[in-house]
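Participant: Residue numbers (the numbering used here), protein chains in the order written: chain U, 1 to 115; chain C, 116 to 229. This structure is in structure tokens; I'll ask about it shortly.
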Amino acid sequence: DAMVIQNPRYQVTQFGKPVTLSCSQTLNHNVMYWYQQKSSQAPKLLFHYYDKDFNNEADTPDNFQSRRPNTSFCFLDIRSPGLGDAAMYLCATSRRLSIRADTQYFGPGTRLTVL
Amino acid sequence: ILNVEQSPQSLHVQEGDSTNFTCSFPSSNFYALHWYRWETAKSPEALFVMTLNGDEKKKGRISATLNTKEGYSYLYIKGSQPEDSATYLCAFLKNSGGYQKVTFGIGTKLQVIP
């Protein structure tokens with residue numbers, strides 16, 4: 001089945017130690033998104049890629065970066081994780097940039113713990 | 116900051132009971148509203164895409180209505196079953212300069228007790 005895959009499902013890192021989360025998709029969708037969901041909060045969009053075009057949300061901290069080397073893969077890099085970055089990180093895709101009449105397709109998330 | 120509110124944040128119902136919950140959103144610049152179901156340890160899965168005022172969508176025992184003028188959507192589950200236990204998220208899409216801005220609610224966590 002075509003899907004969105006996130007690895008690892010659980011990631012533990014140390015304060016200040018760089019960490020990379022991975023997302024891959026077999027849907028051949030043009031758009032890939034990264035969301036952060038902290039405990040008891042709504043998922044919050046960090047950035048998205050439309051093909052190779054990167055779009056950062058205005059309030060996404062500089063500590064968060066992303067790479068999309070090809071259509072299938074997208075990475076979230078956290079350069080110096082702080083305790084406040086502990087969260088569930090969700091990757092999603094969509095066929096087009098406009099999802100008015102479409103939906104996003106989500107991976108199961110990576111839960112990041114920062115010690 | 117867009118306020119997308121979901122209520123209640125959690126609820127427990129007995130198997131067989133019907134239930135409903137609410138997603139409230141700003142009534143201006145409405146573009147679309149999406150409902151997702153997120154079961155524990157799985158991926159959020161799309162339930163409904165709603166774009167027009169008065170839309171009513173149905174999938175099995177689950178249905179949703181949309182009122183864009185007053186800024187709310189209701190999700191109904193008829194005859195709840197244990198497999199309906201999940202967090203139900205709504206996502207409000209606002210038209211923002213040719214691109215939509217997606218804002219999620221915090222979700223309603225439903226537990227159906229056998």
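For each residue, glycine too, the CB sits at the ideal point set by N, CA and C.
Is the beta carbon of U:S72 closer than 8 Å to that of U:S24?
Facilitator: The sequence position of residue 24 of chain U within the first sequence is 24, counting from 1. The sequence position of residue 72 of chain U within the first sequence is 72, counting from 1. Yes, they are a contact pair.
Participant: Note down, one range per segment and in chain order, each beta strand (DSSP E) of at least 3 residues found wholly within the segment 19-78 of chain U.
Facilitator: As far as the segment 19-78 of chain U is concerned, its whole beta strand (DSSP E) runs of at least 3 residues are 19-25, 31-37, 44-50, 53-56, 64-67, 73-78.
Participant: Could you list which residues in chain U have their beta carbon closer than 7 Å to that of C:S158, in chain order?
Facilitator: Here residue 158 of chain C corresponds to residue number 43 of the second sequence, with the count starting at 1. Correct list: V4, F106, G107, P108.
Participant: Among all the DSSP beta bridges, which residues are the ones paired with U:F106?
Facilitator: Residue 106 of chain U sits at position 106 when you count from the first residue of the first sequence. Partner(s): U:A92.
Participant: Give every residue of the same chain whose Cβ lies closer than 7 Å to the Cβ of U:R79, excluding the five residues on either side of it in the sequence, and list them in chain order.
Facilitator: Your numbering for residue 79 of chain U matches position 79 in the first sequence. Only P18, N63, Q65 meet the Cβ criterion.
Participant: Using a Cβ cut-off of 7 Å, pull out every chain C residue sitting near U:S98, in sequence order please.
Facilitator: Counting from 1 along the first sequence, the entry for residue 98 of chain U is found at position 98. Q215, listed in chain order.
Participant: If you draw a straight line from the C-alpha of U:L90 to the C-alpha of C:G169, how long is it?
Facilitator: Your numbering for residue 90 of chain U matches position 90 in the first sequence. Your numbering for residue 169 of chain C matches position 54 in the second sequence. Cα-Cα distance, rounded: 31 Å.
Participant: Is it buried or exposed, C:D199, if we count other Cβ atoms within 10 angstroms and call 16 or more buried?
Facilitator: Residue mapping note: residue 199 of chain C aligns to position 84 of the second sequence, counting from 1. When all chains shown are included, C:D199 counts as buried.
Participant: Would U:T103 pass as an interface residue toward chain C - the criterion being a Cβ-Cβ separation below 8 Å?
Facilitator: In the first sequence, the residue the question calls residue 103 of chain U occupies position 103. U:T103 counts as touching chain C.
Participant: Consult DSSP for U:T83 and reduce its assignment to one of helix, strand or coil.
Facilitator: In the first sequence, the residue the question calls residue 83 of chain U occupies position 83. The residue asked about is misnamed: residue 83 of chain U is Leu in this sequence, not Thr. Three-state DSSP puts U:L83 in a helix.
Participant: In the DSSP assignment, find the beta strand (DSSP E) that holds C:S139 and state where it starts and stops.
Facilitator: Here residue 139 of chain C corresponds to residue number 24 of the second sequence, with the count starting at 1. Note, C:S139: beta strand (DSSP E), 134-139.
Participant: Please confirm if U:A42 has its CB atom under 8 Å from at least one CB of chain C.
Facilitator: Residue numbering aside, residue 42 of chain U sits at position 42 when the first sequence is read from its first letter. So, interface residue.
Participant: Is C:I230 close to chain U? Criterion is C-beta to C-beta, closer than 8 Å.
Facilitator: This structure cannot settle anything about residue 230 of chain C, because the visible part of chain C is limited to 116 through 229.
Participant: Relative to the C-alpha of C:Y151, which candidate in C:A179, C:G220, C:Y203 has its C-alpha closest?
Facilitator: Position 36 of the second sequence, counted from the first residue, corresponds to residue 151 of chain C. Of the listed residues, the one whose Cα sits closest to C:Y151 is C:Y203.
Participant: May I ask you to report which of helix, strand or coil DSSP gives C:E154?
Facilitator: In the second sequence, counting from the first residue as 1, residue 154 of chain C sits at position 39. In the structure shown, C:E154 sits in coil (DSSP, three-state: anything other than H, G, I, E or B).
Participant: With a 10 Å radius around its C-beta and 16 neighbouring C-beta atoms as the bar for buried, classify C:L167 as buried or exposed.
Facilitator: For the purposes of this step, residue 167 of chain C is taken as the residue at position 52 of the second sequence. The residue is exposed, with fewer than 16 neighbouring Cβ atoms inside 10 Å.
Participant: Please list, in chain order, the residues of the segment 18-49 of chain U that have any C-beta partner in chain C closer than 9 Å.
Facilitator: From the segment 18-49 of chain U, only Y33, Y35, Q37, S40, Q41, A42, P43, K44, L45 have a Cβ closer than 9 Å to chain C.
Participant: Between which residues of its own chain and C:V217 is the CB-CB distance below 6 Å, once the five residues before and five after are set aside?
Facilitator: In the second sequence, residue 217 of chain C corresponds to position 102, counting from 1. Cβ within range, chain order: A206, L208.
Participant: How big is the Cα-Cα spacing for C:F219 and C:D132?
Facilitator: The sequence position of residue 219 of chain C within the second sequence is 104, counting from 1. The sequence position of residue 132 of chain C within the second sequence is 17, counting from 1. If you take the alpha carbons of C:F219 and C:D132, they lie about 27 Å apart.
Participant: Taking the straight line between their C-alpha atoms, what separation do you get for U:F54 and U:M3?
Facilitator: For this step, residue 54 of chain U is matched to residue 54 along the first sequence. For this step, residue 3 of chain U is matched to residue 3 along the first sequence. Distance between the alpha carbons of U:F54 and U:M3: 22 Å.
Participant: What does C:T183 reach in chain U if we use C-beta pairs closer than 9 Å?
Facilitator: Mapped onto the second sequence, residue 183 of chain C falls at position 68. Under the 9 Å cutoff, chain U gives no residues; its nearest Cβ is about 13 Å from C:T183.
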